[in-house]
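Per my numbering, the very first residue in the sequence shown carries number 690; after that it's consecutive. Note that beta-carbon positions come from the ideal geometry of N, C-alpha and C, so glycine has one too.
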Amino acid sequence: EDQEDQDEAEEVEFVDVSALLNEDDGLELELPKHQRCACHLLNLIAMVDATKATSSEAYKKVYRSTFGKCNALWNKYGRSTLAAETVEDVCSLQLLRPNATRWNSLFLAVKRLLRIIKDKGEGAIRVICTDLKVQSS
690 EDQEDQDEAE EVEFVDVSAL LNEDDGLELE LPKHQRCACH LLNLIAMVDA TKATSSEAYK
750 KVYRSTFGKC NALWNKYGRS TLAAETVEDV CSLQLLRPNA TRWNSLFLAV KRLLRIIKDK
810 GEGAIRVICT DLKVQSS
């Protein structure tokens, strides 16, 4: 008898959801207004302001030089397992590479480079650039 009670309690009722949604019961179903991610929105604002900053020729020169070197390092690191091993041996950390789909990946990649400089010194970056034949100056 306990088994029968348990079987009755576990019975599953199938409901045709399509039929329920198609019923005209006077209720209008609406999805809530789309909420944009606040972090993503702040990143977009920062990127616009950073782009405006390149209107200064002095800033643009430093910006292009710095990120040109960073991009060369990230590209070399991403294309070669030997390069990745070299970085890990010298820094005890892996580099993070920026990509188009992660909105804060550039920030995180630069933050990792700054951490390496803080923990191991600028010499570690120079050693990596020399070993990987990436122009560092």
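Closest to residue i by CA distance: which of the options is it?
i, options, result
"residue 804", "785, 790 and 819", "785"
"residue 821", "801, 769 and 711", "769"
"residue 781", "795, 791 and 802", "802"
"residue 799", "752, 774 and 738", "752"
"residue 760", "700, 699 and 818", "818"
In whole angstroms, what is the alpha-carbon distance linking residue i and residue j?
i, j, result
"residue 745", "residue 754", "14 Å"
"residue 816", "residue 779", "8 Å"
"residue 767", "residue 723", "36 Å"
"residue 764", "residue 757", "10 Å"
"residue 824", "residue 811", "14 Å"
"residue 740", "residue 813", "30 Å"
"residue 788", "residue 714", "48 Å"
"residue 791", "residue 737", "17 Å"
"residue 772", "residue 732", "30 Å"
"residue 708", "residue 719", "18 Å"
"residue 774", "residue 795", "22 Å"
"residue 806", "residue 750", "22 Å"
"residue 797", "residue 721", "32 Å"
Starting from residue i, trace the alpha helix (DSSP H) both ways and give me its first and last residue.
i, result
"residue 711", "706 to 711"
"residue 801", "794 to 809"
"residue 723", "Run containing residue 723: none; DSSP gives neither H nor E here."
"residue 659", "Past the edges of the chain, shown from 690 to 826, lies residue 659, and the structure says nothing about it."
"residue 823", "No alpha helix (DSSP H) holds residue 823; DSSP gives it neither H nor E."
"residue 771", "770 to 780"
If we cut at 8 Å on Cβ distances, does residue i have a partner in chain B?
i, result
"residue 717", "You won't find chain B in this structure, because it holds only one protein chain."
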